[in-house]
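Below you'll find the structure, written out as structure tokens, and then a few comments.
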Amino acid sequence: MRKVIFIGAGNVSTSLASAFSNAGWSIVQVYSRTIDSAATLAKLYNSNAISNLSEIERFADLYIIAVPDSSISEIIDSIPIVNGVVVHTSGSTPLSVLSTLKSKGIGVFYPFQTFSRSRIVDLCNVPIFVEAGSDDVLNFLTAVGKELSHNVSYLNSEKRLLLHLSGVFASNFTNHILALTYRLATENGIDFKVLQPLVEETVVKAFTTNPKDVQTGPAIRNDIVTMEKHSAVLGNLDEQLQRIYNELSLSIQKLGKL
């Protein structure tokens with residue numbers, strides 16, 4: 183049975199571990215700086231939890247570094263010589279950061295999705311982007327990816343960073359706008375869930391054509407009267423939200439003229 187070790191026990195590892203286990207891999211170790219964190223994930227797969235990288239097993243097939251980007255370099259400096267392929271899962275970190283590792287090979291295994299520890303994501307249709315230090319490792323990672331997803335492809339570090347940036351706009355910023363909307367609605371007696379059909383229809387339309395071409399609302403119509411009403415209401419409720427409203431309205435109008 184093929185062996186995989188997870189270095190990191192957070193959001194990404196939680197869903198990847200489930201996917202690898204379902205694909206028949208043995209999860210032999212889970213590392214985290216805090217042993218309790220490692221143990222929480224490890225016990226789900228009868229795996230060993232460790233909090234010191236010197237304890238890492240040397241002969242696994244695959245080592246997956248799934249930690250915050252700011253911690254990757256520190257992890258790399260602490261990994262001993264291993265006889266397997268070492269990958270990271272970061273969208274914004276280049277492959278070259280792994281170049282000093284003494285291992286069978288290096289690569290990137292980037293599942294393009296938002297992950298939370300409290301929710302297992304089915305990777306079947308999640309795009310997985312791979313990059314590697316050699317053709318053999320690239321072929322290996324592509325094959326591994328296809329065990330988890332129907333959508334696996336190569337992407338170099340430069341393009342992956344741009345994809346990650348696009349994801350921040352499409353997912354992180356969108357969720358933040360929804361969080362602001364939730365606060366605005368609930369604090370003023372409006373059920374947030376009544377907005378769900380509106381949001382879902384907006385997303386469906388955005389992915390069937392150029393989102394710019396299906397923009398609706400007062401800004402794209404240059405409905406100054408309505409915009410001034412909205413801005414006045416926000417001025418009494420939340421000046422920061424008022425500034426966001428005004429900036430986004432201006433951005434909509436500028437893009438609409440292109």
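With my numbering as the guide, the letters of the sequence shown map in order to residues 183 to 440. All C-beta atoms, glycine included, are put in the ideal place defined by N, C-alpha and C.
In three-state DSSP terms, what is residue i?
i, result
"I426", "helix"
"S298", "strand"
"F311", "strand"
"I246", "strand"
"Q397", "coil"
"I372", "coil"
Compute the Euclidean distance between the alpha carbons of residue i and residue j, then round it to the nearest angstrom.
i, j, result
"P293", "G349", "12 Å"
"V249", "H270", "8 Å"
"G273", "F291", "9 Å"
"D373", "V396", "26 Å"
"R215", "V194", "16 Å"
"G192", "R365", "27 Å"
"N357", "I426", "14 Å"
"A224", "V415", "51 Å"
"N428", "S413", "7 Å"
Out of the options, which one is the CA nearest neighbour of residue i?
i, options, result
"S236", "L366, A352, N333 and V212", "V212"
"I246", "Q422, V334 and G266", "G266"
"Q295", "V319, N354 and L277", "N354"
"S260", "T282, L277, T275 and S278", "T282"
"L383", "N204, T398 and E369", "The identity of residue 383 in the sequence shown is Glu, whereas the question assumes Leu. Of N204, T398 and E369, the residue nearest in Cα terms is T398."
"V319", "I258, T390, L244 and A401", "L244"
"T363", "N404, E410, Q422 and S298", "Q422"
"A220", "D304, I187 and K328", "I187"
Pull up the DSSP beta-bridge partners for residue i, would you.
i, result
"V186", "I209 and L244"
Could you tell me which uninterrupted beta strand (DSSP E) segments, each at least 3 residues in length, are contained entirely in the stretch 303 to 366, listed from first to last along the chain? 310 to 314 and 334 to 336
Can you list the beta strand (DSSP E) stretches of 3 or more residues lying completely in the stretch 240 to 292, in chain order? 244 to 247 and 267 to 270
Please go through the stretch 199 to 243 and give each complete alpha helix (DSSP H) segment of 4 or more residues, from N-terminal end onward. 217 to 224
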